[in-house]
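Protein sequence lines, in the order shown, are assigned to chains A and B.
Counting with the UniProt record's numbering, you get residues 1 to 301 for the letters of the first sequence.
Counting with the UniProt record's numbering, you get residues 1 to 301 for the letters of the second sequence.
Protein chains: 2
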Amino acid sequence: MNTPDIHAVKQFLLHLQDTICQQLSAIDGATFEEDSWQREGGGGGRSRVLRGGAIFEQAGVNFSHVHGDAMPASATAHRPELAGRSFEAMGVSLVVHPLNPYVPTSHANVRFFMAEKPGCEPVWWFGGGFDLTPFYGFEEDAIHWHKTARDLCQPFGEDVFPRYKKWCDDYFFIKHRNEQRGIGGLFFDDLNTPDFDHCFSFMQAVGNGYLEAYLPIVERRKALPWGERERDFQLYRRGRYVEFNLVWDRGTLFGLQTGGRTESILMSMPPLVRWEYSYQPEEGSPEAALYRDFLPVKDWV
Amino acid sequence: MNTPDIHAVKQFLLHLQDTICQQLSAIDGATFEEDSWQREGGGGGRSRVLRGGAIFEQAGVNFSHVHGDAMPASATAHRPELAGRSFEAMGVSLVVHPLNPYVPTSHANVRFFMAEKPGCEPVWWFGGGFDLTPFYGFEEDAIHWHKTARDLCQPFGEDVFPRYKKWCDDYFFIKHRNEQRGIGGLFFDDLNTPDFDHCFSFMQAVGNGYLEAYLPIVERRKALPWGERERDFQLYRRGRYVEFNLVWDRGTLFGLQTGGRTESILMSMPPLVRWEYSYQPEEGSPEAALYRDFLPVKDWV
Chain A
1 MNTPDIHAVK QFLLHLQDTI CQQLSAIDGA TFEEDSWQRE GGGGGRSRVL
51 RGGAIFEQAG VNFSHVHGDA MPASATAHRP ELAGRSFEAM GVSLVVHPLN
101 PYVPTSHANV RFFMAEKPGC EPVWWFGGGF DLTPFYGFEE DAIHWHKTAR
151 DLCQPFGEDV FPRYKKWCDD YFFIKHRNEQ RGIGGLFFDD LNTPDFDHCF
201 SFMQAVGNGY LEAYLPIVER RKALPWGERE RDFQLYRRGR YVEFNLVWDR
251 GTLFGLQTGG RTESILMSMP PLVRWEYSYQ PEEGSPEAAL YRDFLPVKDW
301 V
Chain B
1 MNTPDIHAVK QFLLHLQDTI CQQLSAIDGA TFEEDSWQRE GGGGGRSRVL
51 RGGAIFEQAG VNFSHVHGDA MPASATAHRP ELAGRSFEAM GVSLVVHPLN
101 PYVPTSHANV RFFMAEKPGC EPVWWFGGGF DLTPFYGFEE DAIHWHKTAR
151 DLCQPFGEDV FPRYKKWCDD YFFIKHRNEQ RGIGGLFFDD LNTPDFDHCF
201 SFMQAVGNGY LEAYLPIVER RKALPWGERE RDFQLYRRGR YVEFNLVWDR
251 GTLFGLQTGG RTESILMSMP PLVRWEYSYQ PEEGSPEAAL YRDFLPVKDW
301 V
């Protein structure tokens with residue numbers, strides 16, 4: 001056991017945000033705008049958004065570090081003993097919405113949380129993960145995505161990847177559609193064993209693994225020609241993203257219901273979305289293949 | 001006190017759905033498609049949608065009548081004594097998304113609920129209302145909308161309109177934006193006094209009042225010329241509609257979380273929606289006027 005080094009976590013997160021923005025910007029050509037903001041209760045953040053790029057219709061990459069003297073009870077529903085403690089929460093969270101429907105949407109998040117009370121050991125944990133949401137599936141991409149996830153987990157134990165892969169599949173499930181949001185990846189939370197250094201290393205591996213998992217897929221698909229049909233399907237499927245985030249995603253709901261910065265939280269919303277009553281893909285079409293071959297939970301590696 | 005006449009309520013609701021569809025179709029020229037569906041636990045519905053009309057980009061008008069032997073506890077959170085009783089729930093619910101941004105979006109709903117237990121008096125109530133969501137506000141339209149609502153309430157008592165107008169304003173509030181969804185109208189629930197006939201009459205007045213409130217506004221605005229700027233703003237503001245319905249609307253959430261028919265529930269989603277990070281209307285613009293002069297709660301009559 002060792003003491004959590006909050007400063008080191010923050011430095012890592014700020015650097016991660018920089019790196020991810022630089023690399024997305026480099027591949028696209030467009031630049032990120034930045035808003036710095038402060039939270040009334042304590043702390044603030046750095047929201048960055050790239051819009052109307054050649055490859056990315058929108059990419060939002062947020063850093064935030066908020067703290068307060070007394071944690072609201074609603075923030076610790078599953079650990080009521082932490083209510084009222086002083087706390088720190090920091091993280092990087094991003095969603096990338098590509099223009100080309102052959103390039104999948106991606107999401108990543110890494111976060112650290114700590115609650116303190118005079119005279120007590122601090123309580124802390126890490127969480128995070130990344131997941132992929134294709135519109136048109138490619139087996140090669142799905143395998144690369146999951147292999148990258150598996151490889152970064154390997155040094156931390158054989159059971160890590162299967163556990164966090166399943167957690168991701170369980171989490172990104174749209175109950176009212178009986179559908180996965182995408183093809184999954186990694187999701188972990190409440191990570192605080194065996195010690196801080198180990199957990200921090202794992203969180204860094206996940207944060208750093210995201211670009212390694214995503215960029216080769218972007219490179220492979222970014223020049224594929226697409227038309228109105230593919231765009232229509234992409235906009236329709238983006239509706240599922242909205243439905244998941246607004247109806248089921250605990251982070252989004254918690255943020256919106258407790259006075260988080262709405263514009264930063266809803267940077268995850270796609271720039272353009274379509275709903276169509278009772279849409280069904282044509283049998284045997286590439287759109288049907290997404291539902292049949294990619295969305296059902298599968299072991300890709 | 002008199003016995004609830006479920007059959008009469010159902011006949012009224014079916015007829016209301018017919019009338020509304022006929023009139024919307026008559027003004028637009030396009031026709032409604034119908035899906036009849038059945039619910040596994042008992043009952044079913046009749047979902048109707050008009051799409052790609054000259055005036056209405058989409059109009060969804062649903063009738064449903066569901067029943068069961070044992071009400072789920074989740075359905076009666078605020079009246080736990082009703083859990084396990086046999087129940088009937090029926091209603092008409094509609095959302096109209098016009099193409100022309102000068103024509104406001106409208107929503108209406110009327111519903112009846114009854115729970116029974118052998119040896120006990122049945123417990124029943126009515127609910128409903130209608131509300132308007134303009135993109136570009138017109139004082140004349142707002143006054144007409146609210147006057148129609150007031151006039152239909154008048155025969156039921158002087159206090160009815162102010163009470164249900166306020167309930168509507170309170171309900172259609174988007175907390176995470178600190179904004180009203182639109183300019184309001186009427187909202188009522190749990191109505192079961194003084195007796196069935198009185199309540200049923202009021203529900204009929206609300207159901208019949210919707211077209212009277214909405215159609216003159218459609219007629220006045222449908223031919224106004226509009227361009228990309230107005231369309232962009234309409235699509236952006238539709239995002240607020242999605243946010244309200246998926247994050248805050250109890251009916252939508254309850255339906256999605258308890259296995260309701262997803263396609264019918266989400267017929268309320270706009271056909272096309274836009275999100276834009278940190279959008280602010282230009283000062284002094286017609287878009288700014290919506291936020292300044294129309295969305296804040298106001299007495300229009």
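Even for Gly, the Cβ is constructed at its ideal location relative to N, Cα and C.
A distance of 7 angstroms or more separates the beta carbons of Phe187 (chain A) and Tyr210 (chain A).
Considering only A:Leu224, A:Asp141 and A:His176, the residue with the shortest C-alpha distance to Trp300 (chain A) is A:Asp141.
For Phe156 (chain B), the closest C-alpha among the options B:Phe200, B:Ala26 and B:Thr19 is that of B:Phe200. For the pair Lys222 (chain A) and Pro286 (chain B), the Cα-to-Cα distance works out to about 39 angstroms. The alpha-carbon of Gly184 (chain B) is positioned some 8 angstroms away from that of Phe130 (chain B). Residue burial annotation: Leu224 (chain B) is exposed, with fewer than 16 other C-beta atoms found within 10 angstroms of its C-beta. Chain B has no Cβ within less than 7 angstroms of the Cβ of Pro162 (chain A).
By the rule that beta-carbons nearer than 7 angstroms mark a contact, Tyr171 (chain B) does not touch chain A. Taking a cut-off of 8 angstroms for Cβ pairs, the stretch 86 to 103 of chain A and the stretch 55 to 74 of chain A touch, as three or more such pairs fall below it. Between Tyr136 (chain B) and Pro104 (chain B), the alpha-carbon positions lie close to 8 angstroms from each other. Proximity of the stretch 159 to 178 of chain B to the stretch 238 to 250 of chain B meets the contact definition, three or more beta-carbon pairs being nearer than 8 angstroms.
For chain B, the residues of the stretch 30 to 42 of chain A that bring a beta carbon within less than 8 angstroms of one of its beta carbons are Asp35, in chain order.
The beta-carbon separation of Leu82 (chain A) and Val123 (chain A), rounded to 6 angstroms, stays under the 8 angstroms limit for a contact.
For Ser264 (chain B), the enclosing alpha helix (DSSP H) stretches over residues Thr262 to Ile265. Against chain B, a Cβ distance below 7 angstroms from Thr262 (chain A) picks out His176 and Arg177. Under a 10 Å Cβ-count criterion, Gly255 (chain B) is classified as buried, with 16 or more other Cβ atoms of the shown protein chains found around its own Cβ.
By the CB criterion at 7 angstroms, Asp169 (chain A) and Val297 (chain A) fall inside the cutoff. DSSP, read as helix, strand or coil, puts Met269 (chain A) in coil. Asp18 (chain B): member of the alpha helix (DSSP H) spanning Ile6 to Asp28, first to last residue. Within the stretch 53 to 71 of chain A, the residues whose Cβ lies closer than 8 angstroms to any Cβ of chain B are, in chain order, Gln58 and Gly60. DSSP assignment within the stretch 190 to 275 of chain B yields the following whole alpha helix (DSSP H) runs of 4 residues or more, N-terminal first: 196 to 221, 228 to 243, 250 to 257 and 262 to 265. Close CB contacts of Asp69 (chain A) within its chain, under the 8 angstroms cut and outside five residues either way in sequence, are with Gly42 and Ser86 (chain order). Assignment of beta strand (DSSP E) within the stretch 107 to 140 of chain A, counting only whole runs of 3 or more residues, yields 123 to 133 in chain order. Contact annotation: the stretch 142 to 151 of chain A touches the stretch 213 to 222 of chain A, with at least three C-beta pairs closer than 8 angstroms. The stretch 257 to 275 of chain B makes contact with the stretch 228 to 237 of chain B: 3 or more CB pairs, one atom from each, lie closer than 8 angstroms. Residue burial is scored here from C-beta neighbours: Glu228 (chain B) has fewer than 16 other C-beta atoms within 10 angstroms and is therefore classed as exposed. Pairing Met203 (chain A) with Leu50 (chain B), the inter-Cα distance amounts to about 50 angstroms.
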